[in-house]
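Here's the structure, in structure tokens; my notes come after.
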Amino acid sequence: MALELVILPCLADNYAYLVRDPSTDTIFVVDVPEAAPVLNALGARGWKLSHILITHHHDDHIAGVEALAQATGAHVIGAEADAHRLPPLDMMVTPGQTLPIGMQKLSVIDAGGHTLGHIAYHFAEAGLLFSGDSLMSWGCGRLFEGTPAQMFDSLARLSSLPDHTLVCSGHEYTEANGRFALSLEPGNPALLNRMDDVRAKRAEGQPTVPATLALEKATNPFLRSDDAALRSALGLPADASALATFTEARARKDRF
Numbered sequence: 038m039a040l041e042l043v044i045l046p047c048l049a050d051n052y053a054y055l056v057r058d059p060s061t062d063t064i065f066v067v068d069v070p071e072a073a074p075v076l077n078a079l080g081a082r083g084w085k086l087s088h089i090l091i092t093h094h095h096d097d098h099i100a101g102v103e104a105l106a107q108a109t110g111a112h113v114i115g116a117e118a119d120a121h122r123l124p125p126l127d128m129m130v131t132p133g134q135t136l137p138i139g140m141q142k143l144s145v146i147d148a149g150g151h152t153l154g155h156i157a158y159h160f161a162e163a164g165l166l167f168s169g170d171s172l173m174s175w176g177c178g179r180l181f182e183g184t185p186a187q188m189f190d191s192l193a194r195l196s197s198l199p200d201h202t203l204v205c206s207g208h209e210y211t212e213a214n215g216r217f218a219l220s221l222e223p224g225n226p227a228l229l230n231r232m233d234d235v236r237a238k239r240a241e242g243q244p245t246v247p248a249t250l251a252l253e254k255a256t257n258p259f260l261r262s263d264d265a266a267l268r269s270a271l272g273l274p275a276d277a278s279a280l281a282t283f284t285e286a287r288a289r290k291d292r293f
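Pasting the structure below:
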């Protein structure tokens with residue numbers, strides 16, 4: 038059964054995702070950079086929030102959690118490994134765990150790399166992945182705490198999900214990420230077509246998220262580490278490993 042998804046711009050370039058399960062009228066939000074946009078969206082729709090899901094500890098994803106929880110009584114869910122630096126949690130979860138949210142089954146996935154303890158949330162029946170700052174639209178998060186190998190493994194887990202999965206990432210970084218991808222492969226038709234679409238959406242003030250996992254696998258350099266064309270664009274030998282290719286791409290992005 039489909040979930041009703043509302044994309045809420047927050048701060049300068051963050052997103053919160055407000056979601057409703059219509060079969061049970063269960064309402065949850067993923068990440069809360071600030072409380073006001075979420076409260077306004079709830080009020081406008083007459084919705085009562087039941088759960089707050091947190092992907093990781095960075096302030097631009099959790100700054101509004103406590104105020105929102107106090108205003109709504111919603112239960113706060115986050116990673117057990119990160120509990121010491123998250124707002125107070127009503128439920129601590131671990132990668133590999135599943136739990137019900139309304140009539141939906143939520144799977145918790147290890148998405149470490151950007152930070153240690155970062156998790157992603159997958160609703161398989163609805164085809165939604167909330168990936169925070171791990172797998173991002175046309176990119177991946179900077180490695181503030183983890184290693185290239187940790188992020189590489191996290192992206193492998195996320196990219197193994199069905200191609201129709203909609204990737205709901207935490208920021209409006211798509212155009213900037215696309216400029217990096219095109220700096221490596223300026224003549225790649227798939228990249229050029231995606232950039233045209235991204236720029237058209239931004240010109241209309243529309244978000245560029247979510248994107249399908251199929252599109253990410255076709256255009257995101259951090260999911261194409263086995264691609265010979267990308268290895269060549271990076272100046273790597275033909276027998277370079279996928280991890281070496283990812284590591285070089287991430288280092289180039291850091292300097293871009």
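Going by my numbering, the sequence shown opens with residue 38, and the numbers climb by one from there. Built from N, CA and C at the ideal position, the CB exists for glycine as well.
- Message: Please state the DSSP three-state secondary structure of F293.
- Response: The three-state secondary structure of F293, taken from DSSP, is coil.
- Message: For the structure I just gave you, are there three or more beta carbon pairs, one from the stretch 238-245 and one from the stretch 257-268, closer than 8 Å?
- Response: Counting Cβ pairs under 8 Å, fewer than three are found: no touch.
- Could you have a look at R179 and say whether DSSP puts it in helix, strand or coil? R179: coil per DSSP, three-state reduction.
- Item | Close beta carbons around T135, own chain, < 8 Å, minus the five adjacent residues each side | Shown here for T135: same chain residues with a beta carbon closer than 8 Å to its own, the five before and five after excluded, namely K142, L143, S144 and V145 in chain order.
- Item | Helix, strand or coil at G208 according to DSSP, with G and I counted as helix | Position check: residue 208 holds His in this sequence, whereas Gly was assumed. It is a strand residue.
- Report yes if the CB atom of H94 is closer than 8 Å to the CB atom of T131, and no otherwise. Taking the C-beta atoms as reference points, T131 is found no nearer than 8 Å to H94.
- Task: Just grab the DSSP bridge partners of D119 for me.
- Result: DSSP, once it has assigned bridges, lists no residue as partnering D119.
- Determine which residues share a DSSP beta bridge with T63 and list them. Partner(s): D58.
- Message: Quick check: what's the CA-CA separation for G169 versus R194?
- Response: Near 14 Å, if we compare the C-alpha coordinates of R194 and G169.
- Query: Cα-Cα, which of L273, R82, M232 and L172 is closest to L260?
  - Reply: If we check each option's Cα against that of L260, L172 comes out closest.
- Query: In whole angstroms, what is the alpha-carbon distance linking H208 and G215?
  - Reply: Answer to the nearest angstrom: the Cα atoms are 14 Å apart.
- Is DSSP giving H93 helix, strand or coil here? Reduced to three states, the DSSP call for H93 is coil.
- A39, buried or exposed, once every other Cβ within 10 Å from all chains shown has been counted against 16: Per the 10 Å Cβ criterion, exposed.
- Start-end ranges of the alpha helix (DSSP H) lying completely within the stretch 224-293, minimum 4 residues: Here the runs fully enclosed are 226-240, 250-256, 265-270 and 279-292.
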